[in-house]
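Peer 1: Heads up, the sequence shown is in our numbering, so the first residue is 6 and it goes up one at a time. Note that the Cβ used here is the ideal one computed from N, Cα and C, for glycine as well. The structure under discussion is supplied below as structure tokens; questions concerning it will follow.
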Amino acid sequence: MSDIYEAYAPAVFPAPQEQPGLMEDSQEGGGLKNPPVKETVDRWKREVLDKIQYLRENLEQANQEKEALSQEVDQLQSELTASQVRIQELEAELSGTLDTFNTLLDEVSQALES
């Protein structure tokens with residue numbers, strides 16, 4: 006079984022970038038080399054700050070859109086109220102016109118009966 010593994014196994018395995026690598030010029034004669042912690046922290050800090058800035062901009066844009074939609078809703082609400090008032094006025098006019106029409110029909114019916 007070990008012969009098969011040795012025949013088909015890769016010579017080297019790829020290592021992720023964030024894994025510590027071997028130090029060649031180590032004073033102790035070898036060992037693991039860690040990526041510079043300060044650089045990693047700075048990179049993470051930049052990424053976090055970029056993400057915060059991105060989210061802040063999205064929040065500001067969402068608030069602006071919300072405000073615009075709120076103003077549009079207020080405008081539509083006022084137009085609806087004005088339309089309802091106009092409907093009531095037209096219903097009153099129609100009622101008066103129908104009363105006049107019914108009165109005229111009654112007068113015409115009475116005139117025809119006489």
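Along the alpha helix (DSSP H) that carries S119, what are the first and last residues, could you check?
Peer 2: Position 114 of the sequence shown, counted from the start, is the residue given in the question as residue 119. Looking at the DSSP string, S119 is not in any alpha helix (DSSP H), and its letter there is neither H nor E.
Peer 1: Kindly list the residues whose CB is nearer than 7 Å to the CB of S100, restricted to its own chain and excluding five residues on each side of it in sequence; keep chain order.
Peer 2: Reading the sequence shown from its first residue, position 95 is the one you call residue 100. Nothing listed; no residue qualifies.
Peer 1: To test your reading of the DSSP string, which unbroken alpha helix (DSSP H) runs of 4 or more residues are found completely within the stretch 42 to 69?
Peer 2: Complete alpha helix (DSSP H) runs here, min 4: none at all.
Peer 1: So, is the C-beta of P41 closer than 8 Å to a C-beta in chain B?
Peer 2: Although the question refers to chain B, the structure presented lacks it and comprises just one protein chain.
Peer 1: Who are the Cβ neighbours of E52 in its own chain at under 6 Å, not counting the five residues just before and after it?
Peer 2: Taking the sequence shown and counting its residues from 1, the one referred to as residue 52 is at position 47. Nothing listed; no residue qualifies.
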